[in-house]
Ligand SMILES: Nc1ncnc2c1ncn2[C@@H]1O[C@H](COP(=O)(O)OP(=O)(O)OP(=O)(O)O)[C@@H](O)[C@H]1O
Ligand SMILES: [Mg+2]
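Residue numbers (my numbering), protein chains in the order written: chain C, 299 to 550; chain W, 132 to 347.
Dropping the structure here:
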């Protein structure tokens, strides 16, 4: 059995009076692709952001492999948090590329500045990544000169450049036109084939069904149902899941 | 008095004006950043102190601040006024005043950067300091160039306020020559110099803006 890369237990999160996540527990194994689906406002983004340390939590046990990041809401020391940041990469819905940096600078910034790796090695890997993302020849372009799909692929390259063990995607295609959506989904599919561990929040149910090992359905801050991807999509057990999937297929 | 010596006198004054201009920028631009940080501090005592500071600096005449700076040490502590202190007082008053204006410009620039930029830097593991200097500040610099240009052009003209404590800058010179020889010419010439000075300033700022035009 492969090891658990991410472990979250007893996870609750409130914004003011609003409880957004209620006692969520889940874990991700190495090489696993997990999709999180659910209606708008169900807390998917918040869950991902908390795991990526972008949001503080009141009560949770959060660990990356053997690295305990947070125990019952008490965060570990700064150096541990810094180490934890090496574990994951994060791909945002609206890319969040650095507009004043070229593609090359966007992607190599963290390996050089944060990880202080050898420049030649980083550059070499950069060109390999660029080719993998179908962006060869774009190394000196600035984000504003790229299409949305290209920008998102740069963002994925940037997240991969630090060699994370696990990659988080928050609706990586919802800021994109349908045609551009496909190119991003293809990149993610390729990564899945390489056994990259990923957690993907998405509204693309068909994609989630095909690419992921496991799907988590969230509603109102709870994990309502989770299971093998095809199983959950084709034979949902819970009423809410059925409702949501029916709603989605009506939409399309 | 012939035109040549009149011009020499004026140019000497211009040199002092230019000195005031550059020294003020040298101190006020970085100081403004510190004040902007103070103003944005999460500690509400600190942020209120800077809020009051900025409000006083912007709410009272620069000439008054200049006089307070120059005569203050004497009136308050009986420290004798020396001649070199005139110039120093000008630099202090101008820097403190302009830093307040720059601070507000920086603050609005910093607050206009989307949080996504901080978050992207954060998940990549950049420290807050690295995030500020590598990611945020370069973008702020681009955004604040137009409002900073406005202030800088005002500064060129404001250097003439130094005449109120008899610093020998261009306007003081022009006024002296004009009253000694009952002629308008020094004023006209000084006006032309101020205009050319500002023209150059605007030109340089525009060049700078163009250079940062490679991204949006
Ligand atoms: N910073 C915040 N302050 C207050 N409330 C917030 C904040 N962020 C999220 N929320 C609330 O938390 C709830 C869950 O939000 P979240 O963004 O996690 O939902 P989501 O499942 O990602 O939805 P969507 O599919 O629309 O992206 C929402 O009701 C939202 O209004
Ligand atoms: Mg969301």
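No residue lacks a Cβ here, since even glycine has one placed at the ideal position from N, Cα and C.
Buried or exposed for residue i, going by 16 or more other Cβ atoms inside 10 Å?
i                     : result
residue 301 (chain W) : buried
residue 401 (chain C) : buried
residue 297 (chain W) : exposed
residue 135 (chain W) : exposed
residue 176 (chain W) : exposed
residue 222 (chain W) : buried
residue 316 (chain C) : exposed
residue 225 (chain W) : buried
residue 400 (chain W) : What is shown of chain W runs 132 to 347, which leaves residue 400 (chain W) out entirely.
residue 206 (chain W) : exposed
residue 315 (chain W) : exposed
residue 433 (chain C) : buried
residue 211 (chain W) : exposed
residue 327 (chain W) : exposed
Who are the Cβ neighbours of residue i in its own chain at under 7 Å, not counting the five residues just before and after it?
i                     : result
residue 325 (chain W) : 287 and 288
residue 230 (chain W) : 159, 162, 163 and 166
residue 381 (chain C) : 365
Do you know whose CA, among the options, lies nearest residue i's CA?
i                     : options                       : result
residue 339 (chain W) : W:188, W:133, W:272 and W:305 : W:272
residue 318 (chain C) : C:356, C:399, C:324 and C:327 : C:356
residue 529 (chain C) : C:547, C:546 and C:510        : C:510
residue 278 (chain W) : W:240, W:291 and W:309        : W:240
residue 148 (chain W) : W:246, W:290 and W:254        : W:290
residue 216 (chain W) : W:145, W:207, W:202 and W:226 : W:202
residue 342 (chain W) : W:269, W:194 and W:210        : W:269
residue 377 (chain C) : W:312, W:152 and W:258        : W:258
residue 442 (chain C) : W:295, W:346 and W:170        : W:346
residue 387 (chain C) : C:456, C:490, C:314 and C:525 : C:456
residue 353 (chain C) : C:550, C:394 and C:373        : C:373
residue 379 (chain C) : C:360, C:346, C:397 and C:432 : C:360
residue 490 (chain C) : C:395, C:476 and C:507        : C:507
Round the Cβ separation of residue i and residue j to the nearest angstrom and send it over; I've been treating them as touching at under 8 Å.
i                     : j                     : result
residue 556 (chain C) : residue 334 (chain C) : Residue 556 (chain C) is absent from the structure shown; chain C starts at 299 and stops at 550.
residue 326 (chain C) : residue 303 (chain C) : 6 Å
residue 141 (chain W) : residue 321 (chain W) : 6 Å
residue 185 (chain W) : residue 235 (chain W) : 6 Å
residue 389 (chain C) : residue 444 (chain C) : Contact doesn't hold; Cβ gap of about 15 Å is too wide.
residue 301 (chain C) : residue 363 (chain C) : 7 Å
residue 514 (chain C) : residue 324 (chain C) : 7 Å
Give every residue of the same chain whose Cβ lies closer than 6 Å to the Cβ of residue i, excluding the five residues on either side of it in the sequence, and list them in chain order.
i                     : result
residue 188 (chain W) : 228 and 231
residue 520 (chain C) : 320
residue 483 (chain C) : 505
residue 536 (chain C) : 522 and 523
residue 554 (chain C) : Since the first residue of chain C shown is 299 and the last is 550, residue 554 (chain C) is not available in this structure.
residue 331 (chain W) : none
By Cβ distance below 8 Å, which residues in the same chain neighbour residue i in space, the five residues on each side in sequence not counted?
i                     : result
residue 336 (chain W) : 276, 279, 280 and 283
residue 437 (chain C) : 400, 401, 402, 424, 425 and 428
Inset, instruction - Tell me the start and end of each unbroken alpha helix (DSSP H) in the segment 159-195 of chain W that is at least 4 residues and wholly inside, in chain order. - result: Whole alpha helix (DSSP H) segments, 4+ residues: 175-190.
Legend entry - Residue ranges of each alpha helix (DSSP H) within the segment 362-393 of chain C, 4 or longer: Within the segment 362-393 of chain C, the runs of alpha helix (DSSP H) that reach at least 4 residues and sit entirely inside it are, in chain order, 376-383.
Legend entry - Within the segment 273-329 of chain W, ranges of the alpha helix (DSSP H) (whole runs, at least 4 residues): Segments of the alpha helix (DSSP H) lying fully in the segment 273-329 of chain W: 301-312.
Legend entry - In chain order, each alpha helix (DSSP H) run of at least 4 residues that lies wholly inside the segment 405-432 of chain C: Taking 4 residues as the minimum length, the alpha helix (DSSP H) runs contained wholly in the segment 405-432 of chain C are 417-430, in order along the chain.
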